[in-house]
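See structure below.
Protein chains: 2
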Amino acid sequence: MNEIKIFSPATVANVACGFDVLGFCLDNVGDDMVIRKVDKKGIKITHIEGFDLPYEAEKNVAGVSALAMYDAINVDFGFEIEIYKNIKPGSGIGSSAASAVGSVFGMNELLGRPFNKTELTQFAIKGEALASKCEHADNLAPAMFGGFTLVKGIKPLQILEIPSPEDLYATIIHPQIEIKTSESRAVLPQDVSLSDAITQWSNVGSLIHALHTSDYDLIKDSLHDVIIEPHRSKLIPHYNEVKQIMLEAGALGACISGSGPSIFSLCKGEEIANNVAQALKKAYSLITDIEFDIHVSKINTKGVKIC
Amino acid sequence: MNEIKIFSPATVANVACGFDVLGFCLDNVGDDMVIRKVDKKGIKITHIEGFDLPYEAEKNVAGVSALAMYDAINVDFGFEIEIYKNIKPGSGIGSSAASAVGSVFGMNELLGRPFNKTELTQFAIKGEALASKCEHADNLAPAMFGGFTLVKGIKPLQILEIPSPEDLYATIIHPQIEIKTSESRAVLPQDVSLSDAITQWSNVGSLIHALHTSDYDLIKDSLHDVIIEPHRSKLIPHYNEVKQIMLEAGALGACISGSGPSIFSLCKGEEIANNVAQALKKAYSLITDIEFDIHVSKINTKGVKIC
Numbered sequence: 001m002n003e004i005k006i007f008s009p010a011t012v013a014n015v016a017c018g019f020d021v022l023g024f025c026l027d028n029v030g031d032d033m034v035i036r037k038v039d040k041k042g043i044k045i046t047h048i049e050g051f052d053l054p055y056e057a058e059k060n061v062a063g064v065s066a067l068a069m070y071d072a073i074n075v076d077f078g079f080e081i082e083i084y085k086n087i088k089p090g091s092g093i094g095s096s097a098a099s100a101v102g103s104v105f106g107m108n109e110l111l112g113r114p115f116n117k118t119e120l121t122q123f124a125i126k127g128e129a130l131a132s133k134c135e136h137a138d139n140l141a142p143a144m145f146g147g148f149t150l151v152k153g154i155k156p157l158q159i160l161e162i163p164s165p166e167d168l169y170a171t172i173i174h175p176q177i178e179i180k181t182s183e184s185r186a187v188l189p190q191d192v193s194l195s196d197a198i199t200q201w202s203n204v205g206s207l208i209h210a211l212h213t214s215d216y217d218l219i220k221d222s223l224h225d226v227i228i229e230p231h232r233s234k235l236i237p238h239y240n241e242v243k244q245i246m247l248e249a250g251a252l253g254a255c256i257s258g259s260g261p262s263i264f265s266l267c268k269g270e271e272i273a274n275n276v277a278q279a280l281k282k283a284y285s286l287i288t289d290i291e292f293d294i295h296v297s298k299i300n301t302k303g304v305k306i307c
Numbered sequence: 001m002n003e004i005k006i007f008s009p010a011t012v013a014n015v016a017c018g019f020d021v022l023g024f025c026l027d028n029v030g031d032d033m034v035i036r037k038v039d040k041k042g043i044k045i046t047h048i049e050g051f052d053l054p055y056e057a058e059k060n061v062a063g064v065s066a067l068a069m070y071d072a073i074n075v076d077f078g079f080e081i082e083i084y085k086n087i088k089p090g091s092g093i094g095s096s097a098a099s100a101v102g103s104v105f106g107m108n109e110l111l112g113r114p115f116n117k118t119e120l121t122q123f124a125i126k127g128e129a130l131a132s133k134c135e136h137a138d139n140l141a142p143a144m145f146g147g148f149t150l151v152k153g154i155k156p157l158q159i160l161e162i163p164s165p166e167d168l169y170a171t172i173i174h175p176q177i178e179i180k181t182s183e184s185r186a187v188l189p190q191d192v193s194l195s196d197a198i199t200q201w202s203n204v205g206s207l208i209h210a211l212h213t214s215d216y217d218l219i220k221d222s223l224h225d226v227i228i229e230p231h232r233s234k235l236i237p238h239y240n241e242v243k244q245i246m247l248e249a250g251a252l253g254a255c256i257s258g259s260g261p262s263i264f265s266l267c268k269g270e271e272i273a274n275n276v277a278q279a280l281k282k283a284y285s286l287i288t289d290i291e292f293d294i295h296v297s298k299i300n301t302k303g304v305k306i307c
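Top line first, the protein sequences correspond to chains L and S.
Each residue of the first sequence is one higher than the one before, starting from 1 at the first, in the UniProt record's numbering.
Each residue of the second sequence is one higher than the one before, starting from 1 at the first, in the UniProt record's numbering.
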């Protein structure tokens with residue numbers, strides 16, 4: 001096998017209470033990539049569609065993670081990468097993570113799987129760091145492993161796979177605005193009150209328990225963020241109204257996806273997830289003239305895959 | 001049935017990373033109580049052994065929780081309470097919680113169980129508040145339900161029962177010193193860094209996952225407290241040495257039990273738990289002349305019980 005086609009999924013990081021550690025994987029939103037083994041040594045990006053991104057491997061997220069992996073192997077051939085990008089960079093649903101994960105996953109398949117998924121994520125972190133200027137894995141982990149993940153640590157990288165209840169769906173709205181990474185970082189508090197921190201870790205603990213026990217009521221009770229949301233939500237126009245629409249349409253909970261501007265909700269069952277999408281479609285253009293996309297997706301328990 | 005004998009167990013609150021929310025229950029350490037239905041209305045404490053505690057129901061933890069429950073029922077009889085106290089008040093292993101839980105559990109049994117365990121804990125909170133000057137349930141919940149518990153909220157009271165791995169044991173050392181509640185409160189930080197808070201909720205999430213999956217290595221990786229231990233450990237003489245002895249003897253982790261002075265460790269298997277106890281017995285009296293008790297216990301998955 002010299003060529004492989006990959007689907008690399010979009011992801012939601014933070015999941016309300018789990019800032020910097022939790023994430024989950026989407027099913028039908030993601031990038032397609034082709035990875036090809038070629039005689040010429042090195043990593044070459046040969047095609048990019050969808051968005052305007054650099055072709056130089058050293059400047060491209062998929063390229064940088066591929067190079068990190070390529071440096072760790074000793075082969076007399078190279079790889080070409082084609083990227084068919086569906087996830088808009090800066091949307092807050094793991095666009096760079098999808099690119100970073102797709103290239104190393106595909107190369108690993110063509111090499112006969114010398115690396116496990118944690119090792120692959122380690123390479124992908126290098127690509128993600130190009131986009132976000134720091135090493136983190138809260139989008140990479142769910143894109144690579146699927147389902148819900150908890151990044152227990154970066155050094156050494158430790159990723160926990162948390163079970164996903166069968167009937168859990170996400171509805172996501174992506175308002176087509178740009179939030180500068182520097183701005184979304186700048187609003188984060190340096191310190192938080194002990195009392196808020198306790199509330200947050202109580203919610204993280206109960207969310208993990210709820211996912212293990214498929215307790216949808218408890219998922220609902222746990223999807224709260226008292227630390228980050230109050231600050232970052234101010235950067236997203238009409239955030240509170242959108243959240244309210246999602247909750248009133250039956251979502252279990254809603255919060256900022258990653259650092260925004262996308263807003264995710266989790267729902268019990270496809271019907272409610274579609275109701276949330278319908279309610280958003282109806283209401284959002286009455287509130288504002290910002291362009292938007294809406295995604296409805298089952299939780300993807302497989303992650304990146306050959307297609 | 002007009003009289004019942006109760007075993008009300010000792011408990012460990014906080015469990016390293018889970019300050020204010022997590023706790024677990026001990027098996028062979030606890031108070032015995034006798035609850036008796038009598039003609040005379042009201043709550044009367046008729047016997048106390050072990051420690052010098054007030055006989056007036058309104059000033060006694062077991063009495064206050066019994067009165068809270070008695071106020072919620074309408075009966076033409078009363079209850080007598082005998083307390084055989086084995087858990088020293090102020091030891092940090094839930095002495096007041098055991099008293100508060102025992103009386104209401106026993107009364108409920110004699111009444112034919114009109115209340116569920118969460119409702120009983122609600123009454124017990126009133127007793128606990130007498131001892132600790134604030135309403136909390138992190139010792140009450142494991143004493144009532146057994147196993148590991150997460151107190152998701154106080155108002156309304158929401159207690160989650162987390163599974164306990166089969167082979168999990170605790171070894172606890174109780175140095176016979178007094179730490180004033182006011183002092184252990186005063187050292188708590190008002191604010192914590194966001195970075196430490198993230199580490200803490202990552203550990204809470206991974207500990208819950210580890211308990212669900214019986215992953216002892218992950219329990220070990222999760223039993224860290226970067227928020228409270230650095231402050232409260234200073235109030236416990238030789239804390240770091242004791243912790244080191246426990247870890248070197250094979251404990252998965254060790255930390256302050258509740259607000260101290262007891263120090264708990266969790267161990268995989270009875271043999272290691274006994275090794276930790278032996279190592280402590282050997283070393284502690286060489287370090288200091290503080291008197292001490294040591295307890296080795298399987299995690300008690302039943303909680304308070306008729307005996």
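Note that beta-carbon positions come from the ideal geometry of N, C-alpha and C, so glycine has one too.
Presumed contact (8 Å Cβ cut-off) between residue i and residue j, rounded CB distance
| i | j | result |
| --- | --- | --- |
| S/Ile-290 | S/Pro-237 | 6 Å |
| S/Ile-299 | S/Gly-147 | 6 Å |
| L/Val-15 | S/Val-204 | 14 Å between Cβ atoms; not a contact. |
| S/Ile-163 | S/Leu-211 | The question names Ile, but residue 163 of chain S is Pro in the sequence shown. Right, their Cβ atoms sit about 6 Å apart. |
| L/Ile-154 | L/Ser-257 | With 8 Å as the limit, L/Ile-154 and L/Ser-257 do not qualify as a contact, their Cβ atoms being about 21 Å apart. |
| S/Thr-149 | S/Gly-23 | 5 Å |
| S/Ile-125 | S/Ala-143 | Not really, about 12 Å apart at Cβ, beyond 8 Å. |
| L/Ile-43 | L/Gly-78 | 6 Å |
Distance, residue j Cα to residue i Cα
| i | j | result |
| --- | --- | --- |
| L/Ser-259 | L/Ile-172 | 14 Å |
| L/Asn-28 | S/Val-304 | 49 Å |
| L/Lys-133 | L/Ile-81 | 23 Å |
| S/Glu-3 | S/Phe-264 | 35 Å |
| S/Ile-306 | S/Tyr-70 | 20 Å |
| S/Asp-76 | S/Leu-120 | 20 Å |
| S/Thr-199 | S/Val-226 | 7 Å |
| L/Ser-95 | S/Gly-127 | 53 Å |
| S/Val-61 | S/Pro-9 | 15 Å |
| S/Leu-160 | S/Ala-141 | 9 Å |
| L/Leu-26 | L/Glu-56 | 28 Å |
| L/Glu-49 | L/Ile-87 | 11 Å |
| L/Ala-170 | L/Ser-184 | 23 Å |
| S/Leu-223 | L/Lys-282 | 48 Å |
| L/Gly-253 | L/Pro-165 | 15 Å |
| L/Arg-232 | L/Asp-20 | 14 Å |
| residue 355 of chain S | L/Asp-39 | Given a span of 1 to 307 for chain S in the structure shown, any question on residue 355 of chain S remains unanswerable. |
| S/His-47 | S/Ile-35 | 11 Å |
| S/Asp-191 | L/Val-192 | 5 Å |
Residues bridged to residue i [DSSP beta-bridge criterion]
| i | result |
| --- | --- |
| S/Ser-297 | S/Ala-170 |
| S/Gly-153 | S/Gln-158 |
| S/Ile-263 | S/Ile-173, S/Ile-256 |
| L/Tyr-84 | L/Asp-32, L/Glu-49 |
| S/Lys-37 | S/Phe-79 |
8 Å Cβ cutoff, residue i in contact with chain S
| i | result |
| --- | --- |
| L/Leu-188 | yes |
| L/Phe-212 | Strictly speaking, residue 212 of chain L in this sequence is His, with Phe absent from that position. Chain S, which has a Cβ nearer than 8 Å to the Cβ of L/His-212, makes this yes. |
| L/Leu-120 | no |
| L/Lys-133 | no |
| L/Ser-206 | yes |
| L/Leu-266 | no |
| L/Ser-164 | no |
| L/Lys-152 | yes |
| L/Leu-160 | yes |
Where the beta strand (DSSP E) through residue i begins and ends
| i | result |
| --- | --- |
| S/Gln-190 | From DSSP, S/Gln-190 is part of no beta strand (DSSP E); its letter is neither H nor E. |
| L/Val-12 | 3-13 |
First through last residue of the alpha helix (DSSP H) which encompasses residue i
| i | result |
| --- | --- |
| S/Tyr-55 | From DSSP, S/Tyr-55 is part of no alpha helix (DSSP H); its letter is neither H nor E. |
| L/Ala-16 | Note, L/Ala-16: premise wrong, no alpha helix (DSSP H); not H, not E. |
| L/Thr-288 | First-last for L/Thr-288: undefined, no H or E at that position. |
| S/Gly-205 | 194-213 |
Residue-level contact to chain L via CB, residue i, 8 Å cutoff
| i | result |
| --- | --- |
| S/Phe-19 | yes |
| S/Ile-45 | no |
| S/Ile-256 | no |
| S/Gln-176 | no |
| S/His-224 | no |
| S/Ala-141 | no |
| S/Ile-198 | yes |
| S/Ser-193 | yes |
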